[in-house]
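Asks: Submitted below is the structure of interest, expressed as structure tokens.
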Amino acid sequence: MPRFLADLLGTDHPLFTRTLYEFEQAAGNSGVDTRLIADITERAHSIMRRLGLDPADTPGEELYHALNASVRAGRAEQLLRDSHYALLRFSDGLISFCLHDVIENAHHELPYEKRLIGHAQRHLRAEIVRRYAEHDRTDDDMVYRMASQAGLKRSTDDEYPEVQPSFSSAKTSVPYVLAVGDIITDAFIKLSEEHAEVTTDEKGYKLLSFELGAKLPYDEVEIIEAVECSPNAAVSMTRLGLEVSLMSWLGDDEPGKSMIRYLKQQGVGTESLVVEKGMKSNYHYVLRYGADRTKLQKFENYSYGWREPARKPDWLYLGVLGEQTWPLHEAILGYLSDNPDIKLVFQPGMYHLMWGTEKMKPFYERAEIVIMNREEAAEVTGKDRGDIDDLLQSLHNLGVSVAVVTDGADGAYASDSQSRLFMPNYPDPKPPLDRTGAGDAFASTIAAALALGESLETALRWAPINSMSVVQHMGAQAGLLHTSEVKAYLASAPANYNAKDIE
478 MPRFLADLLG
488 TDHPLFTRTL
498 YEFEQAAGNS
508 GVDTRLIADI
518 TERAHSIMRR
528 LGLDPADTPG
538 EELYHALNAS
548 VRAGRAEQLL
558 RDSHYALLRF
568 SDGLISFCLH
578 DVIENAHHEL
588 PYEKRLIGHA
598 QRHLRAEIVR
608 RYAEHDRTDD
618 DMVYRMASQA
628 GLKRSTDDEY
638 PEVQPSFSSA
648 KTSVPYVLAV
658 GDIITDAFIK
668 LSEEHAEVTT
678 DEKGYKLLSF
688 ELGAKLPYDE
698 VEIIEAVECS
708 PNAAVSMTRL
718 GLEVSLMSWL
728 GDDEPGKSMI
738 RYLKQQGVGT
748 ESLVVEKGMK
758 SNYHYVLRYG
768 ADRTKLQKFE
778 NYSYGWREPA
788 RKPDWLYLGV
798 LGEQTWPLHE
808 AILGYLSDNP
818 DIKLVFQPGM
828 YHLMWGTEKM
838 KPFYERAEIV
848 IMNREEAAEV
858 TGKDRGDIDD
868 LLQSLHNLGV
878 SVAVVTDGAD
888 GAYASDSQSR
898 LFMPNYPDPK
908 PPLDRTGAGD
918 AFASTIAAAL
928 ALGESLETAL
938 RWAPINSMSV
948 VQHMGAQAGL
958 LHTSEVKAYL
968 ASAPANYNAK
978 DIE
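Position 232 of the sequence shown, counting from 1, maps to 709 under the numbering used here, and the rest follow consecutively.
Next comes the structure, spelled out in structure tokens:
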């Protein structure tokens, strides 16, 4: 047992092992060290399970990223409340469960190889001394003297505060969101422009062509995991400080397992994911030619059964789902009916629009927030797309509390019971690289800001910034910002970057 503790402390002090044996003898061989090791292991494994990780087969780096993500999501203080002296050994080193270490690792964005564990080791040294000093059969002075001689009690330890760092009171309780929707992996294949070309036919359609049957070289391929409307929103809202879980359906294949690992690393809860045995996960291919994209997609035929959440969310975020999911939608309506205090965010997808307004009316009636583009708003309401005031009012007439209508390069409009506002886009620092996910970033940022108690005007100022950042990166999630980063952009925003009343 002393060797196990020496390993956690990273000490090779010649008196350490002998001192712990003597402490244990003085305590009547009562197993103080054994109980301490059991407590460390139990606390570490309990935290891993709360993060959705299996203690039996989770690698250290995956755990490290999940702990860091808990800081960004505002969950770390509660999660790590009683684990200040807990460390766990992995094949590539130790991981600290001490809140102080985890906060510093996350805030400084330290790579896995440079992670900090020193605060946990200091607390563990103190815990060893405390347990033996407080034992009925030991002498306090003897324990403190021998601990100092063995390197267990250091003068520098007294410089540390006894309490762990904490977040502000505003961070101790954050809204919990359940995002529901499909999940996919995208493989972006950049075609060689020397071996493919784009032509325009007599009807004006652009056609991508290359030689049939040829072995064509390509420039590069980039795999983007765990994307689509709801996963994008889940990662976005997590980075903005909400606690988010995702309900989605995927196969038990390697792409599915990889997506689950990725979501955990991002701090998104995976307990509501439905893994269907023998099924493949959604895997799509995106052909890149210059700045253009052509997508090859196939959605797997999952059962799409509703899984009752183990924890009731404050908000339910409903995004893109496939054509065969109407029974699932009925189950969602039933769940919302049974839980009238849950607020619904609705970002309609293709099939929601194809099903028509009458069929989808219960969702509009129930929605706290609906986000869609101008063409979709005209389709849903049957109103002229040119009259934005009429579009917003018609969405309210359907029952929507907060209506948000995006208009591409021309900005966005939003309305609640108190105001109707126009918001311009945040200026791009350079030409966009990839517009995938810009709408999801905008919609989820609106929802996150309002869920956090911000005003509609503030939400409108946040959202275009996240969209701007996303289009500067490949894929829908690489550019998603944390709240502090959004506020930094706000601080340097142009003077005219403000919401204005719709005239």
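Idealized CB from N, CA, C, for every residue including glycine.
1) Since residue 437 is in the alpha helix (DSSP H), which residue starts that stretch and which ends it?
2) For residue 567, which option in 713, 521, 555 has the closest C-alpha, if you only look at C-alpha atoms?
3) Counting only the same chain and skipping the five closest in sequence on each side, list residues whose C-beta sits under 7 Å from that of residue 787.
4) Would DSSP call residue 756 helix, strand or coil?
5) What residue from 496, 554, 890 has the CA that sits closest to residue 626's CA?
6) Give me whichever residues DSSP pairs with residue 891 in a beta bridge.
7) Starting from residue 686 and walking both ways along the beta strand (DSSP E), at which residues does that stretch end?
8) Exposed or buried, residue 724, counting other C-beta atoms within 10 Å across all chains shown (16 or more means buried)?
9) With respect to the beta strand (DSSP E) encompassing residue 667, which residues constitute its N-terminal and C-terminal limits?
10) Find out if the Cβ-Cβ distance for the pair residue 526, residue 556 is shorter than 8 Å.
11) Just the C-alpha distance for residue 774 and residue 726, rounded to the nearest angstrom, thanks.
12) Looking at the strands, I want to know which residues DSSP matches up with residue 844.
13) Let's see if you can read the secondary structure: which residues bound the alpha helix (DSSP H) around residue 733?
14) Scan the segment 489-527 and note each continuous alpha helix (DSSP H) run of 4 residues or more that stays entirely inside, going in chain order.
15) In three-state terms, what does DSSP make of residue 609?
16) Who are residue 723's beta bridge partners in DSSP?
17) Give the straight-line distance between the Cα atoms of residue 500 and residue 546, rounded to the nearest whole angstrom.
18) With 16 as the cutoff for other CB atoms within 10 Å, does residue 769 come out buried or exposed?
19) Using alpha carbons as the reference points, say which of 766, 709, 925, 703 lies closest to residue 735.
20) Distance, Cα to Cα, residue 607 vs residue 593?
21) Looking only at C-alpha atoms, which of 962, 746, 952 sits nearest to residue 698?
22) Tell me where the beta strand (DSSP E) around residue 700 begins and ends.
23) So what does residue 761 bridge to, in DSSP terms?
24) Within this structure, are the beta carbons of residue 896 and residue 873 separated by less than 8 Å?
25) Please name the residue, chosen from 560, 539, 559, that lies closest to residue 569 on a Cα-to-Cα basis.
26) Please report the residue range of the beta strand (DSSP E) in which residue 772 lies.
27) To which residues does DSSP link residue 849 through a beta bridge?
28) Assuming residue 946 is part of the beta strand (DSSP E), what are its boundary residues?
29) What is the rounded straight-line gap between the Cα of residue 900 and the Cα of residue 871?
30) Flag this pair as touching only if the segment 795-815 and the segment 669-676 have three or more C-beta atom pairs under 8 Å; answer yes or no.
31) I think residue 549 touches residue 744, with their Cβ atoms under 8 Å apart; what is that distance to the nearest whole Å?
32) Does DSSP classify residue 791 as helix, strand or coil?
33) Tell me whether residue 682 is buried or exposed, calling it buried when 16 or more other Cβ atoms sit within 10 Å of its Cβ.
34) Using the Cβ count rule (16 or more neighbours within 10 Å means buried), how would you classify residue 976?
35) Starting from residue 549, follow the alpha helix (DSSP H) in both directions and report where the run begins and ends.
36) Based on DSSP bridge pairs, tell me the residues matched to residue 567.
Replies: In short:
1) An answer regarding residue 437 cannot be provided, because it is not within the stretch 478 to 980 covered by the chain.
2) Translated into positions along the sequence shown, residue 567 becomes position 90. With distances taken between Cα atoms, residue 567 lies closest to 521.
3) Position 310 of the sequence shown, counted from the start, is the residue given in the question as residue 787. These residues qualify, in order along the chain: 748.
4) Stepping through the sequence shown from its first residue, residue 756 is reached at position 279. Coil.
5) For this step, residue 626 is matched to residue 149 along the sequence shown. Ranking the options by Cα distance to residue 626, first place goes to 496.
6) Position 414 of the sequence shown holds residue 891. For residue 891, which the question treats as bridged, DSSP gives the partners 881, 898.
7) Counting from one through the sequence shown, the residue named residue 686 turns up at place 209. Residues 683-686.
8) On the sequence shown, residue 724 is found 247 positions in, with the first residue counted as 1. Buried, since its Cβ has 16 or more Cβ neighbours within 10 Å.
9) Position 190 of the sequence shown, counted from the first residue, corresponds to residue 667. First-last of the beta strand (DSSP E) with residue 667: 661-668.
10) If you number the sequence shown from 1, residue 526 lands on position 49. If you number the sequence shown from 1, residue 556 lands on position 79. No, they are not a contact pair.
11) Walking along the sequence shown from the start, residue 774 turns up at place 297. Walking along the sequence shown from the start, residue 726 turns up at place 249. One C-alpha to the other measures close to 16 Å.
12) Working through the sequence shown from its first residue, we reach residue 844 at position 367. Bridge pairing for residue 844: 821 [DSSP].
13) Your numbering for residue 733 matches position 256 in the sequence shown. 731-742 is the extent of the alpha helix (DSSP H) around residue 733.
14) Annotation note: the segment 489-527 contains the following uninterrupted alpha helix (DSSP H) runs of length 4 or greater, listed N- to C-terminal: 493-503, 509-527.
15) Indexing the sequence shown from 1 puts residue 609 at position 132. Here residue 609 sits in helix by DSSP.
16) Locating residue 723 in the sequence shown gives position 246, where the first residue counts as 1. Bridge partners of residue 723 according to DSSP: 656.
17) Counted from its first residue, the sequence shown places residue 500 at position 23. Counted from its first residue, the sequence shown places residue 546 at position 69. Per the coordinates, the alpha-carbon of residue 500 lies some 39 Å from the alpha-carbon of residue 546.
18) Here residue 769 is taken as the residue at index 292 of the sequence shown, counted from 1. With fewer than 16 Cβ atoms within 10 Å of its Cβ, residue 769 is classed as exposed.
19) Working through the sequence shown from its first residue, we reach residue 735 at position 258. The closest CA to that of residue 735, considering only 766, 709, 925, 703, is found on 703.
20) Position 130 of the sequence shown, counted from the first residue, corresponds to residue 607. Position 116 of the sequence shown, counted from the first residue, corresponds to residue 593. The alpha-carbon of residue 607 is positioned some 24 Å away from that of residue 593.
21) Taking the sequence shown and counting its residues from 1, one reaches residue 698 at position 221. Ranked by how close their Cα comes to the Cα of residue 698, the residues 962, 746, 952 have 952 in first place.
22) For the purposes of this step, residue 700 is taken as the residue at position 223 of the sequence shown. 695-704 is the span of the beta strand (DSSP E), which, as asked, contains residue 700.
23) Position 284 of the sequence shown, counted from the start, is the residue given in the question as residue 761. Bridge partners of residue 761 according to DSSP: 663.
24) For the purposes of this step, residue 896 is identified with residue 419 of the sequence shown, where counting begins at 1. For the purposes of this step, residue 873 is identified with residue 396 of the sequence shown, where counting begins at 1. One thing to note: residue 896 has its Cβ no nearer than 8 Å to the Cβ of residue 873.
25) Mapped onto the sequence shown, residue 569 falls at position 92. Cα-wise, what sits closest to residue 569 is 539.
26) Translated into positions along the sequence shown, residue 772 becomes position 295. Element bounds for residue 772: 769-773.
27) Taking the first residue of the sequence shown as 1, we reach residue 849 at position 372. For residue 849, the pairing in a beta bridge is given by DSSP as 882.
28) Against the sequence shown, residue 946 aligns to sequence position 469. Unbroken run through residue 946 is the alpha helix (DSSP H), 933-947; no beta strand (DSSP E).
29) In the sequence shown, counting from the first residue as 1, residue 900 sits at position 423. In the sequence shown, counting from the first residue as 1, residue 871 sits at position 394. Answer to the nearest angstrom: the Cα atoms are 20 Å apart.
30) With a cut-off of 8 Å, the segment 669-676 and the segment 795-815 do not count as touching, because too few Cβ pairs lie within range.
31) Here residue 549 is taken as the residue at index 72 of the sequence shown, counted from 1. Here residue 744 is taken as the residue at index 267 of the sequence shown, counted from 1. Yes, they are in contact, since the Cβ atoms of residue 549 and residue 744 sit about 6 Å apart, within 8 Å.
32) Residue numbering aside, residue 791 sits at position 314 when the sequence shown is read from its first letter. Correct three-state label for residue 791: coil.
33) In the sequence shown, the residue the question calls residue 682 occupies position 205. Counting every other CB atom within 10 Å of its CB across the protein chains shown gives residue 682 a total below 16, marking it as exposed.
34) Taking the sequence shown and counting its residues from 1, the one referred to as residue 976 is at position 499. Counting the other CB atoms within 10 Å of its CB gives residue 976 a total of 16 or more, which places it among the buried residues.
35) As a position in the sequence shown, residue 549 is number 72, starting the count at 1. Here the alpha helix (DSSP H) through residue 549 covers 537-549.
36) For the purposes of this step, residue 567 is taken as the residue at position 90 of the sequence shown. Beta-bridge pairing links residue 567 to 570.
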